[in-house]
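Participant: I have a structure I would like to understand better, so I am pasting it below and will then ask my questions one at a time.
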Amino acid sequence: MKITRRSLVIIVFGLLAIWNVGQGSYIFAKAELAQWLIASAWQQSTSSDRTQIKPWPWADTWPVARLEMAKHDIDQYVLAGTSGESLAFGPGHIFASAEPTEQGNTVIAAHRDTLLHF
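Following my numbering, the numbering of the sequence shown begins with -8 at its first residue and continues without gaps.
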């Protein structure tokens, strides 16, 4: 069986397309799993004494509040801190501001093009 140049190009581009679809699916699946784990950590922290329960063992953040706005169909968990890793999974609470359960101004940061796009 002789493989022509055209067939080789088609095979290479087909494999690249499969690779790209796989990468996109992996990122989407990871994001969905992270939201499920964050929701689970939030449930555990509200049922206990509001301890810092991390969504996964190597996480550098934990849920500190739940942000709900029915008018804009927003239901997000606010995470502790505003590092790049934290903001990739949800809005983050700026540590220098008041805690969400305390009196004072609580400042929340997020990417406006993904998480808070209203």
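For every residue, glycine included, the Cβ atom is placed at its ideal position computed from N, Cα and C.
1) Determine whether the beta carbon atoms of G81 and A100 lie at a separation below 8 Å.
2) Helix, strand or coil for V3, going by three-state DSSP, please let me know.
3) Rounded to whole angstroms, what's the CA-CA distance from R(-4) to G75? Just pull it up for me.
4) Measuring straight from C-alpha to C-alpha, what distance separates K(-7) and S16?
5) To the nearest whole angstrom, what separates the beta carbons of I29 and P46, a pair I think is in contact under 8 Å?
6) Keeping to the same chain, check which residues put their C-beta closer than 7 Å to that of V98; ignore five residues upstream and five downstream.
7) Compare the Cα-Cα distances from A25 to each of A79, D104, V3, T105 and report the closest residue.
8) Using a Cβ-Cβ distance cut-off of 8 Å, determine whether A20 contacts chain B.
9) Relative to the alpha-carbon of P91, which residue among H102, G5, M60, V69 has its alpha-carbon at the smallest distance?
Facilitator: On the basis of the coordinates in this document:
1) No, these two residues do not count as a Cβ contact at 8 Å.
2) For V3, the secondary structure class from DSSP, reduced to helix, strand or coil, is helix.
3) A straight-line Cα-Cα distance of about 44 Å links R(-4) and G75.
4) About 34 Å.
5) Correct: roughly 5 Å between the Cβ atoms.
6) For V98, where only same-chain residues beyond five positions count, the Cβ hits under 7 Å are I85, S88.
7) When each option's Cα is compared against that of A25, the closest is A79.
8) Of the protein chains in the structure, only one exists, and it is not chain B.
9) If we check each option's Cα against that of P91, V69 comes out closest.
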